[in-house]
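**Q**
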Ligand code: FUL
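Numbering (my numbering), first residue to last: 11 to 497.
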């Protein structure tokens with residue numbers, strides 16, 4: 011297929027007629043597109059970028075994993091300022107914070123009735139979850155809770171009683187702190203103080219959350235949000251939200267999670283990009299399909315917790331540029347970005363991290379600063395064109411194969427963004443962008459899936475007054491929520 015043509019009709023006859031050789035309609039396709047997000051997943055899809063805060067007894071000990079035997083009698087981060095956390099993160103574009111209320115060491119950072127191993131029994135003596143919630147409300151951020159199922163301190167761990175303990179703590183957190191947007195259960199499952207491993211009663215945990223916080227998503231070892239499969243911010247070329255139910259199983263997450271203290275130091279750059287989660291070849295083999303959007307968790311520092319020892323200080327950290335690329339690839343690749351920013355021993359976000367975040371924010375804003383809004387949009391079929399409204403979802407009719415953007419004058423375009431209306435599932439499998447120059451259409455970009463958002467940053471800006479999104483392979487007819495262009 012030539013990559014220059016005179017008319018959009020030629021594009022249709024040469025490449026868009028056969029849906030890439032795949033069925034476009036039928037019972038099986040209906041089955042795929044019947045899988046759609048729940049209300050809470052839909053709301054969550056607007057978050058795009060939010061932060062992790064790893065802070066606790068590990069911060070004081072330069073550790074990634076505590077063993078549960080830590081002396082908490084000296085825990086006293088006197089300058090701890092949750093307003094500072096929120097101010098910094100809000101300023102740098104965050105929508106919410108997920109806080110390590112309890113990490114694997116079992117140290118609880120809220121006022122819990124169920125153990126003495128908590129902030130209330132330290133010289134600090136204040137409920138950090140309550141402080142953070144107040145600050146989040148003040149700065150317009152949502153609060154999420156990371157509650158580690160693995161607990162290396164709690165004596166009942168490894169017995170059925172631990173499930174009661176966990177449920178009691180979950181109930182406190184889900185009841186006493188107002189709205190919580192997310193409960194984040196990581197996949198680590200090791201031995202407790204008595205050498206036993208726990209069988210987690212996840213169904214019981216989920217029930218508490220659904221009852222007390224029905225709008226909250228349950229992430230990773232939970233039914234709502236899928237771990238992307240690595241801690242390096244690597245996204246698959248085709249990140250699917252419709253996947254086999256069994257792929258999201260808790261065991262799979264446990265298998266892939268960090269397995270040792272030293273494992274965290276690397277925050278693996280391993281990639282799962284070749285791992286196909288949701289192509290037709292995969293989902294056609296499974297009866298049970300679910301909506302399971304991907305989330306990438308990445309740290310700005312080396313390690314999840316703050317460290318000030320030489321080992322960590324001299325390791326190469328992710329640059330603002332690398333973090334910005336991760337942002338474009340995740341948020342612009344049908345995934346969300348959970349970026350970890352760990353406060354230091356004083357309980358403050360360090361100047362170093364603030365600097366990186368500010369640079370990062372500048373970089374992620376730049377491509378979207380000059381939006382081009384002066385264009386008409388129409389759907390195109392072999393029979394003709396139909397003008398569409400830019401403010402409403404565009405539903406393709408059976409013969410439509412492209413969206414044409416007619417600009418009022420020649421524009422220099424560097425970035426495109428396109429979103430599907432995911433209330434109608436994820437339908438696009440392959441699409442291209444073409445732009446007209448000197449009377450001929452030229453192929454500008456070849457892509458696979460869309461989903462919540464696809465950001466296309468062109469290596470070289472194009473100058474054109476007419477561009478088209480050509481849908482080469484879809485599941486039924488696309489439903490497009492938004493198309494955006496930027497200088
Ligand atoms: C993992 C944990 O073991 C790490 O310490 C960190 O909390 C990460 C986000 O999840 O499973």
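Here a beta-carbon is modelled for each residue, glycine too, at the ideal position from N, C-alpha and C.
Would the beta-carbon of residue 198 be found less than 7 Å away from any heavy atom of ligand 1?
**A** Yes; taking the cut-off as 7 Å, the Cβ of residue 198 has a heavy atom of ligand 1 nearer than that.
**Q** What is the C-beta distance between residue 42 and residue 299, in whole angstroms, given that I count them as a contact (C-beta under 8 Å)?
**A** Their Cβ separation, rounded to whole angstroms, is 7 Å, which keeps residue 42 and residue 299 in contact under 8 Å.
**Q** Can you say whether residue 401 is buried or exposed, counting buried as having 16 or more other CB atoms within 10 angstroms of its CB?
**A** The residue in question, residue 401, is exposed, as its Cβ has fewer than 16 Cβ neighbours within 10 Å.
**Q** Could you tell me the alpha carbon to alpha carbon distance between residue 494 and residue 250, rounded to whole angstroms?
**A** 22 Å
**Q** Expressed to the nearest angstrom, what Euclidean distance is found between the alpha-carbon atoms of residue 482 and residue 394?
**A** 18 Å
**Q** Whole angstroms are fine: how far does the CA of residue 468 sit from the CA of residue 442?
**A** 13 Å
**Q** Taking only heavy atoms of ligand 1 into account, decide whether any of them is closer than 7 Å to the Cβ of residue 64.
**A** yes
**Q** In three-state terms, what does DSSP make of residue 231?
**A** Reduced to three states, the DSSP call for residue 231 is coil.
**Q** Whole-angstrom Cβ separation of residue 119 and residue 172, contact assumed at under 8 Å?
**A** Not really, about 19 Å apart at Cβ, beyond 8 Å.
**Q** Under a Cβ-count criterion, where at least 16 other Cβ atoms within 10 Å of its own Cβ denotes burial, should residue 223 be classed as buried or exposed?
**A** buried
**Q** First and last residue of the beta strand (DSSP E) that includes residue 143?
**A** Looking at the DSSP string, residue 143 is not in any beta strand (DSSP E); the run it does join, the alpha helix (DSSP H), is 138–149.
**Q** Is the region 384–392 in contact with the region 432–452, if contact means three or more CB pairs nearer than 8 Å?
**A** no
**Q** So, with DSSP's three-state summary, where would you put residue 154?
**A** In this structure, residue 154 counts as strand in the three-state DSSP scheme.
**Q** What does the Cβ neighbour count give for residue 236, buried or exposed, with the cut at 16 atoms within 10 Å?
**A** buried
**Q** Whose C-beta lies closer than 7 Å to the C-beta of residue 276 among residues of the same chain, with five residues either side of it excluded?
**A** Residue confidence is low: residue 276 scores 46 on pLDDT, short of 50, so the model does not pin down where it sits. Its coordinate-derived value is still stated next. Excluding positions up to five away in sequence, the list is empty.
**Q** When you measure from the CB of residue 113 to every non-hydrogen atom of ligand 1, does any distance come out below 7 Å?
**A** yes
**Q** Can we count residue 49 as close to ligand 1, meaning its CB is less than 7 Å from some heavy atom?
**A** no
**Q** Determine whether the beta carbon atoms of residue 414 and residue 475 lie at a separation below 8 Å.
**A** Cβ distance not < 8 Å, so residue 414 and residue 475 don't count as in contact.
**Q** In the structure shown, what three-state DSSP assignment does residue 83 receive?
**A** Residue state for residue 83 is assigned as helix, using DSSP reduced to three classes.
**Q** Return the chain-ordered list of same chain residues with a C-beta closer than 7 Å to the C-beta of residue 218, the five sequence neighbours on each side being excluded.
**A** 177, 180, 181 and 184
**Q** Report whether the distance from the Cβ of residue 307 to the nearest heavy atom of ligand 1 is below 7 Å.
**A** yes
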